[in-house]
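One structure is given below, encoded as structure tokens.
Residue numbers (this note's numbering): 304 to 659.
The structure is reproduced here in structure tokens:
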């Protein structure tokens, strides 16, 4: 989709303190072999801070930076991947109450790590309706609690063990927020596209029962273990699934570049799922003919994979450090469990005042 008039007016990330990968290994949480092989140098750790509270902080900052009054907001979307708080409680309403307070539609999205790109796509369609003006996109996760076993400081360092994910993933806590407007902003959304690969849902389920979900000290959440179970059940299927995922992601990126009428060699930077080593970025960007150096390897490897937050946290970093400015173009790429895919192209029209 190529929106007629859709702008990024405000942006913010809440990033808690970083725990070094070496410290995690010394405490027995991180496999020393992974420490030396996978490239991660740290992970943002929020402790007991609720994800929704981090989201409130990011949302307030993004709204203040945008100059858009809360009375102009017509929609709030909240993306997440992990449990957010008490059962049968909705974090999006907490954010709406504290940040907006007008009772606008507030909707939670569970699209895995592609959630913020899906939010962007949905908000674009919502704001295309005459009379609507702006939307607040939020997302947050705290990975310090295992959904099956409870608090576990090792989870973020071990959840992908035994999984051939091409990046030896480590999880970091964060919240991000953006204000979208159809009236103006510092960046234009030139194109946005999302899709599903529902044939891969079994990959992310592995040998787990669908219901009731596995629970108890002997059944910790290990996504890598599910991948291994899937490959044992269907020999060779894991490699094929990852190939399909990569091909579909490449096709989607090519689609948004074509819709934006932007050749790949004019992409200034790429906002992607964070990784610890260049091999993942090469796997991601080589098919597009984009130099992996245009990614965010060094920034991301020090924070961990931030769930739904990698792309917006990365964009804030690029703006604050002056690595993108007027005339630059940014490609956003995301994929999430299940599998969900999203890509978008942004044109940076100005460096916002808050980034100077």
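Don't be surprised by glycine CBs; every beta carbon is placed ideally from N, CA and C.
A direct Cα-to-Cα measurement between residue 354 and residue 483 gives close to 22 Å.
Between residue 439 and residue 480, the beta carbon gap of about 7 Å places them in contact (Cβ cut-off 8 Å). The residue from 571, 604, 488 and 504 with its alpha-carbon nearest to that of residue 541 is 504.
In the three-state reduction of the DSSP assignment, residue 572 falls in the strand class, which pools E and B. Residue 438 carries a strand assignment under DSSP once its states are collapsed to helix, strand and coil.
Residue 511 has its alpha-carbon roughly 9 Å from the corresponding atom of residue 532.
In the three-state reduction of the DSSP assignment, residue 354 falls in the helix class, which pools H, G and I. Per DSSP, the unbroken alpha helix (DSSP H) holding residue 540 starts and ends at 540–562. Looking at the backbone, the Cα of residue 534 and that of residue 473 are separated by about 22 Å.
Nearest to residue 617 by alpha-carbon distance, out of 631, 630 and 598, is 598. The Cβ atoms of residue 526 and residue 463 sit closer than 8 Å to each other.
Here DSSP, grouped into helix, strand and coil, assigns residue 638 to strand. Here residue 575 is buried. Its C-beta has 16 or more other C-beta atoms within 10 Å. Using a C-beta cut-off of 8 Å, the stretch 387–406 makes no contact with the stretch 450–458, since fewer than three inter-stretch Cβ pairs fall below that distance. For residue 645, the enclosing beta strand (DSSP E) begins and ends at 643–651. Going by DSSP, residue 603 is part of the alpha helix (DSSP H) stretching over 600–604. Collapsing the DSSP output to three states places residue 390 in coil.
By the neighbour-count definition (other C-beta atoms within 10 Å, threshold 16), residue 514 is an exposed residue. Boundaries of the alpha helix (DSSP H) harbouring residue 617: 613–623, taken from the DSSP string. Within the same chain, Cβ atoms closer than 6 Å to the Cβ of residue 342 are found at 579, 580 and 604, the five residues on either side in sequence being excluded.
Cβ-Cβ distances below 6 Å link residue 327 to 333 and 460 in the same chain, with the five nearest sequence neighbours on each side left out; the list follows chain order.
Going by beta carbons, residue 370 and residue 312 fall inside the 8 Å limit. Counted as a single uninterrupted DSSP element, the stretch harbouring residue 333 is not any alpha helix (DSSP H), since DSSP gives it neither H nor E. Looking at the DSSP output, residue 411 sits in a beta bridge with 381.
With respect to residue 658, residue 420 sits apart: the two C-beta atoms are not nearer than 8 Å. In this structure residue 382 is buried. Its beta-carbon is surrounded by 16 or more other beta-carbon atoms within 10 angstroms. The distance from the Cβ of residue 319 to that of residue 365 is about 17 Å, inconsistent with a contact at the 8 Å cut-off. In this structure, the alpha-carbon of residue 571 lies about 17 Å from that of residue 601.
Rounded to the nearest angstrom, the gap between the Cα atoms of residue 500 and residue 488 is 33 Å. Between residue 442 and residue 641, the CB-CB gap reaches or exceeds 8 Å. DSSP, read as helix, strand or coil, puts residue 608 in strand.
Separation of the CB atoms of residue 317 and residue 422 is rounded to 17 Å, and the pair is thereby denied contact status at 8 Å. Non-local C-beta neighbours of residue 518 in its own chain, meaning closer than 7 Å and more than five positions away in sequence, comprise 451, ordered along the chain. Here the C-alpha atom of residue 595 lies approximately 37 Å from the C-alpha atom of residue 388. A check of alpha carbon separations from residue 376 across 632, 457, 502 and 437 identifies 437 as the nearest. Here the alpha carbons of residue 536 and residue 490 stand approximately 47 Å from one another.
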